[in-house]
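*Asks:*
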Amino acid sequence: MNLERLPNEEKLTLCRKYYLGGFAFLPFLWLVNVVWFFKEAFVKPTYTEQLQIKTYVKRSGLGLLLWVAVLTTWITIFQHFRAEWGEVGDYLSFTIPLGIP
Amino acid sequence: MKSHAMCSNMVRCLGDGNTSLQKLATSIVFFFCLSDVSCNSVEQKIYVELNNTVPCVRLLNATHQIGCQSSISGDTGVIHVLESEADLEWPLSKGPNPPYMVLLESSLFTRSIMMKMKNESNRVAGVAVVVPNTSPPEFSPHTTCPNENTGVYSDNYGPNLAHCNTTVWNPRGNGLSYEEFDFPVFSLKEDNETEFIKQCYLDHNRAVNGSAPQYPLCAMQLFSHMHAVTNTPTCMRRNDINFSINPEMVCDPLGDYNVWGSIRPYNDTVFGHKENESVVIAAARLDSRAFFWEVSTGAEGSVSGFVTLLAAAQALREVTHEAPPTRNILFAFFQGETFDYIGSSRMVYDMENGKFVIDLDNIHSVLEIGQVAVHSGTNLFLHSDPVSRRNNTVNDEVREELFSSFFVFLLVEPNVSQPLPPSSLQRFLRAQPIPGIVLADHESAFNNRYYESFYDNAANLNLTYPSDLSPEEQLEFVTDTAKSLTDVATVVARALYKQAGGNESLVNNIKADPKIVTQMLYGFLVSSNNSWFQACHKHTGRYGVLGYLGLHCFVFFCLLEPSPPEYYYLLANLTGAATNLTQSQCQKPDELPNESRQMYSYLWVQGIVPPNSTERDSFCVRASVRLTKAVSPAFELGEYASKDYSTWTESRWKFIKARIFLVASRDLEMLTLGVGVAVLFTSLLVTYFISTKADVLFSSTREPASAAY
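The structure is reproduced here in structure tokens:
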């Protein structure tokens with residue numbers, strides 16, 4: 001979808017939809033929001049809706065960073081300690097590697 | 001098979017396009033594939049597959065894992081033929097091309113060398129042991145105190161006798177079978193393949209005058225990736241997890257079937273205590289193990305015992321039909337005794353819980369045949385339990401009976417304070433103080449120099465045949481070993497008859513048949529594909545591997561119904577009676593008035609080929625012989641961390657193979673990769689430049705052609 005051809009109000013509604021959608025445990029929507037609307041929010045010359053778009057992009061960026069931090073921490077802990085957790089580790093796992101603890 | 005895979009891949013790659021070019025290409029591929037061209041595959045030029053290898057596999061119990069493991073894509077190492085223990089420093093520290101694959105002669109397969117390699121296992125990729133045809137002077141990879149935690153002696157029962165404090169039963173044991181190695185250990189036979197490997201080593205890997213050998217070097221790759229890990233509770237839990245996308249079984253409990261038979265039949269549907277029934281149990285063990293997977297024969301360790309008991313059972317058949325003794329005699333053959341008494345603990349558990357035809361209170365006494373590979377003139381020893389003997393007078397009677405069955409051997413009692421050797425009787429004593437004797441050829445430590453090892457074979461029993469005999473003649477030839485085992489069987493049969501309260505005057509008529517003993521020894525130790533086994537069996541099919549527990553589930557499939565083993569058919573043939581039933585009647589005997597499947601087993605056996613015909617003389621045998629499950633009670637109860645019962649399981653694996661090839665140096669590999677990546681990027685760059693400057697390069701001096709796509 002080419003943002004060039006959209007009027008500014010529609011750009012704002014699109015950005016808002018993605019921002020609100022990301023709250024449903026969908027951090028990828030925030031990632032898309034940041035990447036897609038970055039030029040619109042910070043590079044393009046000012047227009048009326050740009051301030052709103054800028055806030056949405058910034059908040060999406062924050063949310064994204066939070067998710068990345070949480071997921072990275074959890075994944076590191078799980079990968080490191082799964083073997084030691086024994087039963088709990090096995091019940092949390094989707095596929096258990098064969099032949100290693 | 002390789003070319004088919006290649007062909008199908010190529011066809012798939014070509015897709016199902018409709019253009020003429022694709023059709024042409026597809027037809028070429030089909031023609032190529034159908035015309036059965038023997039593809040000169042590159043793989044065959046690189047790798048030499050080793051076919052006669054035996055791996056060491058992983059076993060787990062409640063707390064530990066033992067055995068060997070390789071990585072999932074095999075372990076590769078530069079071959080090094082070890083010349084002496086001092087030479088170990090080459091693979092472990094000095095050698096410049098780690099990791100190494102160490103090739104050992106069997107004389108170097110010792111605990112100290114294996115432990116040193118275990119400690120430096122980042123430089124050792126694996127070990128290959130060359131097993132010769134002649135045995136070394138002694139070798140036992142088992143522990144010095146077999147089954148020390150699941151016997152009867154513990155801190156509550158004879159604490160000074162527990163853990164081999166008074167007698168070390170297997171002093172030659174080096175415990176290698178119970179160590180954990182994280183590299184694969186394979187065994188090779190001494191044949192052309194091994195010569196080829198050594199030649200490859202001499203050609204490429206030898207250090208010349210102290211300088212490092214040059215690449216390419218000869219390397220070996222071993223695949224034996226085991227799925228189970230940590231211990232039995234973990235692997236059984238992973239077996240049971242059923243919400244993962246691909247539920248995979250990772251291990252199986254060790255276990256098979258016990259075989260039991262009795263003089264007077266029991267109704268197979270009536271379990272529990274039987275009033276006024278007193279039974280003498282004669283027991284022997286069936287199984288043995290080795291360091292490597294499935295190669296054990298256990299000639300002295302188990303075959304001598306159960307062959308003696310089978311011969312004794314046959315010797316008692318006639319006299320018990322003429323003059324039945326007061327007590328019943330139950331012949332029990334236990335499977336899985338090596339791994340913490342799987343079979344006997346299961347039978348005792350069934351008796352305690354009313355799932356067996358008799359109860360522990362019905363047992364009068366137990367006579368167990370241990371390792372009895374005597375040579376005539378030497379002694380047999382009667383072992384009994386000192387702790388229960390103090391309170392029990394029945395035990396004295398049992399010993400008196402045996403003493404008075406004096407035949408050729410001098411029956412001697414060992415020191416009164418010596419505990420019982422590792423035997424199934426210990427599991428009976430754990431449940432209840434039952435008088436029992438274990439018959440063995442050793443007074444204290446085992447005489448067997450190869451206890452639970454792959455060298456415990458026919459040669460260990462001195463089973464030799466004159467060289468000019470055909471296999472049929474060898475089957476019938478009565479060896480000296482067979483004669484001495486026959487004498488032991490006669491002693492056992494007489495003692496059992498007297499113990500069961502039989503008619504004293506008929507005792508001296510009981511004699512075991514040496515022909516049967518020698519045929520059994522030949523069948524179990526030399527070749528199981530012989531005419532006598534075929535005659536006793538129900539079909540001339542595959543004969544199961546003896547010794548190691550019949551694991552029916554490994555690799556991808558479980559045999560739904562295991563074929564009953566040789567000893568089941570043998571016991572039926574030796575103690576049962578031939579009947580006139582036809583084959584269909586044999587399968588449904590309940591329709592006949594006098595026959596009942598609850599009391600007897602009916603087996604259709606092949607029979608022998610009479611001299612003047614080609615058809616086998618098959619017939620139906622009726623015998624009071626049964627199979628009972630021999631899986632440890634820990635798995636029935638779900639107590640995978642049990643301390644009382646055996647918890648041994650064996651891991652599963654996908655495939656096991658070995659191959660050798662030449663490897664190049666790491667630098668050459670990196671260089672090749674680097675050049676390849678450089679070529680890739682260069683070509684990308686060139687393509688990019690050409691495409692951006694296309695209008696300049698392919699200049700417009702030409703007429704713009706009306707090209708249509």
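So the protein lines, in turn, are chains A and B. Under UniProt numbering, think of the first position of the first sequence as 1, with each following residue one higher. Under UniProt numbering, think of the first position of the second sequence as 1, with each following residue one higher. Idealized CB from N, CA, C, for every residue including glycine. All values reported here derive from a predicted model rather than from experimental measurement.
1. Please name the residue in Pro610(B), Ala623(B) and Val259(B) whose C-alpha comes closest to that of Ala577(B).
2. Pick helix, strand or coil for Gln65(B), following the three-state DSSP scheme.
3. Pick from Gly674(B), Tyr266(B) and Ser304(B): whose alpha carbon is nearest that of Ile358(B)?
4. Could you name the residues that DSSP lists as bridge partners for Leu59(B)?
5. Just the C-alpha distance for Asp468(B) and Thr134(B), rounded to the nearest angstrom, thanks.
6. To the nearest angstrom, how far is it from the Cα of Gln52(A) to the Cα of Arg5(A)?
7. Are the CB atoms of Asn448(B) and Gln371(B) within a distance shorter than 7 Å?
8. If contact is defined by three or more beta carbon pairs under 8 Å, each pair taking one atom from either stretch, is the region 429-444 of chain B in contact with the region 125-143 of chain B?
9. Quick one: Cα of Leu685(B) to Cα of Ser691(B), how far?
10. Would you mind giving the Cβ-Cβ distance between Asn51(B) and Thr297(B), rounded to the nearest angstrom? I have them listed as a contact below 8 Å.
11. Mapping DSSP to helix, strand and coil, what is Ser505(B)?
12. Consult DSSP for residue 710(B) and reduce its assignment to one of helix, strand or coil.
13. Just reading off the alpha helix (DSSP H) that Val259(B) is part of, what are its end residues?
14. To which residues of the same chain is residue 732(B) closer than 7 Å at the C-beta, ignoring the five residues directly before and after it?
15. Using a Cβ distance threshold of 8 Å, determine whether the region 274-290 of chain B contacts the region 348-368 of chain B, with at least three qualifying pairs required.
16. For Asn460(B), report the span of its beta strand (DSSP E) as first-last.
17. Can you find a C-beta in chain A that's less than 7 Å from the C-beta of His64(B)?
18. Between the alpha carbons of Arg289(B) and Thr144(B), how many angstroms are there, rounded?
19. Is Met249(B) close to chain A? Criterion is C-beta to C-beta, closer than 7 Å.
20. Spatial neighbours of Ala315(B) within its chain, please: C-beta separation below 8 Å, excluding the five flanking residues on both sides.
21. Counting only Cβ-Cβ distances shorter than 7 Å, please list the residues of the region 65-86 of chain B near chain A, keeping chain order.
22. State the DSSP-derived secondary structure class of Val374(B), mapped to helix, strand or coil.
23. How is the beta strand (DSSP E) around Cys218(B) delimited, first residue to last?
24. Could you check which residue in Asn170(B), Thr628(B), Thr575(B) and Phe291(B) has the C-alpha nearest to that of Pro184(B)?
25. Determine the extent of the alpha helix (DSSP H) in which Trp30(A) is found, giving its start and end residues.
26. If you follow the alpha helix (DSSP H) that Trp532(B) is part of, which residue opens it and which one closes it?
27. Mark Leu697(B) as exposed unless 16 or more other C-beta atoms lie within 10 angstroms of its C-beta, in which case mark it buried.
28. Comparing the C-beta of Met101(B) with each C-beta of chain A, is any distance below 7 Å?
29. Cβ of Phe557(B) less than 7 Å from any chain A Cβ?
30. Can you give me the C-alpha to C-alpha distance between Ile100(A) and Met101(B), rounded to a whole angstrom?
31. Alpha carbon to alpha carbon, what distance is there between Leu382(B) and Ser444(B)?
32. Measuring only the C-alpha atoms, how far is Arg82(A) from Gly158(B)?
33. Answer yes or no: does any C-beta atom of chain A fall closer than 7 Å to that of Met226(B)?
34. Excluding sequence positions up to five away, which residues of its chain have a Cβ less than 8 Å from the Cβ of Arg111(B)?
35. Tell me the DSSP secondary structure of Lys189(B) in three-state form.
36. Since Asn328(B) sits in a beta bridge, which residues does DSSP pair it with?
*Replies:* In this structure, then:
1. Residue mapping note: residue 577(B) aligns to position 577 of the second sequence, counting from 1. Comparing Cα positions, the closest option is Ala623(B).
2. As a position in the second sequence, residue 65(B) is number 65, starting the count at 1. Strand.
3. Position 358 of the second sequence, counted from the first residue, corresponds to residue 358(B). For Ile358(B), the nearest C-alpha among the options comes from Tyr266(B).
4. Walking along the second sequence from the start, residue 59(B) turns up at place 59. Looking at the DSSP assignment, Leu59(B) forms a beta bridge with Ile66(B) and Glu650(B).
5. Sequence index remark: in the second sequence, residue 468(B) carries index 468 (1-based). Sequence index remark: in the second sequence, residue 134(B) carries index 134 (1-based). One C-alpha to the other measures close to 21 Å.
6. Position 52 of the first sequence, counting from 1, holds the residue named residue 52(A). Position 5 of the first sequence, counting from 1, holds the residue named residue 5(A). When rounded, the distance between both Cα atoms is 19 Å.
7. Position 371 of the second sequence holds residue 371(B). Position 448 of the second sequence holds residue 448(B). In this structure, Asn448(B) lies closer than 7 Å to Gln371(B) by Cβ.
8. no
9. In the second sequence, the residue the question calls residue 685(B) occupies position 685. In the second sequence, the residue the question calls residue 691(B) occupies position 691. So the two alpha carbons sit approximately 10 Å from each other.
10. In the second sequence, counting from the first residue as 1, residue 51(B) sits at position 51. In the second sequence, counting from the first residue as 1, residue 297(B) sits at position 297. Not a contact, Cβ separation roughly 21 Å.
11. In the second sequence, residue 505(B) corresponds to position 505, counting from 1. In the structure shown, Ser505(B) sits in a helix (DSSP, three-state: H, G or I).
12. As displayed, chain B neither begins before 1 nor continues past 709, which places residue 710(B) out of reach and without an answer.
13. Mapped onto the second sequence, residue 259(B) falls at position 259. Premise fails: Val259(B) lies in the beta strand (DSSP E), Gly255 to Ser262, not in any alpha helix (DSSP H).
14. Not covered by the structure: residue 732(B). The range shown for chain B is 1 to 709.
15. yes
16. Taking the second sequence and counting its residues from 1, one reaches residue 460(B) at position 460. Careful: Asn460(B) lies outside any beta strand (DSSP E) and carries neither H nor E.
17. The count along the second sequence starts at 1 and reaches residue 64(B) at position 64. Judged by the 7 Å Cβ criterion, His64(B) is not in contact with chain A.
18. Position 289 of the second sequence, counting from 1, holds the residue named residue 289(B). Position 144 of the second sequence, counting from 1, holds the residue named residue 144(B). Each residue's alpha carbon lies about 15 Å from the other.
19. As a position in the second sequence, residue 249(B) is number 249, starting the count at 1. Not an interface residue.
20. Counting from one through the second sequence, the residue named residue 315(B) turns up at place 315. Hits under 8 Å: Ala489, Thr490, Ala493, Ile510, Lys511, Ala512 and Asp513.
21. Gln69 and Ile72
22. Locating residue 374(B) in the second sequence gives position 374, where the first residue counts as 1. Residue state, collapsed to three classes: coil.
23. Position 218 of the second sequence, counted from the start, is the residue given in the question as residue 218(B). Segment Leu217 to Met226, the beta strand (DSSP E) holding Cys218(B).
24. Within the second sequence, numbered from 1, the residue matching residue 184(B) stands at position 184. Cα-wise, what sits closest to Pro184(B) is Phe291(B).
25. The residue given as residue 30(A) occupies position 30 in the first sequence. Looking at the DSSP string, the run of the alpha helix (DSSP H) that includes Trp30(A) is Pro27 to Phe38.
26. Here residue 532(B) refers to the residue found at position 532 when the second sequence is read from its first residue. Residues Ser531 to Cys536.
27. To locate residue 697(B), count along the second sequence from 1; it is residue 697. Leu697(B) is exposed by the Cβ-count criterion.
28. What you label residue 101(B) is simply residue 101 of the second sequence in a count that begins at 1. Not an interface residue.
29. The sequence position of residue 557(B) within the second sequence is 557, counting from 1. Confidence in Phe557(B) is poor, its pLDDT being 31 and thus under 50, which makes the residue's placement unreliable; the coordinate value appears in the next sentence. Closer than 7 Å: no.
30. For the purposes of this step, residue 100(A) is identified with residue 100 of the first sequence, where counting begins at 1. For the purposes of this step, residue 101(B) is identified with residue 101 of the second sequence, where counting begins at 1. Going from the Cα of Ile100(A) to the Cα of Met101(B) covers about 22 Å.
31. Taking the first residue of the second sequence as 1, we reach residue 444(B) at position 444. Taking the first residue of the second sequence as 1, we reach residue 382(B) at position 382. One C-alpha to the other measures close to 11 Å.
32. Residue mapping note: residue 82(A) aligns to position 82 of the first sequence, counting from 1. Residue mapping note: residue 158(B) aligns to position 158 of the second sequence, counting from 1. Going by the C-alpha atoms only, they are around 43 Å apart.
33. In the second sequence, the residue the question calls residue 226(B) occupies position 226. Closer than 7 Å: yes.
34. Here residue 111(B) is taken as the residue at index 111 of the second sequence, counted from 1. Asn174, Gly175 and Leu176.
35. By 1-based counting over the second sequence, the position of residue 189(B) is 189. In this structure, Lys189(B) counts as strand in the three-state DSSP scheme.
36. For the purposes of this step, residue 328(B) is taken as residue 328 along the second sequence, with counting starting at 1. Bridge partners of Asn328(B): Val279(B).
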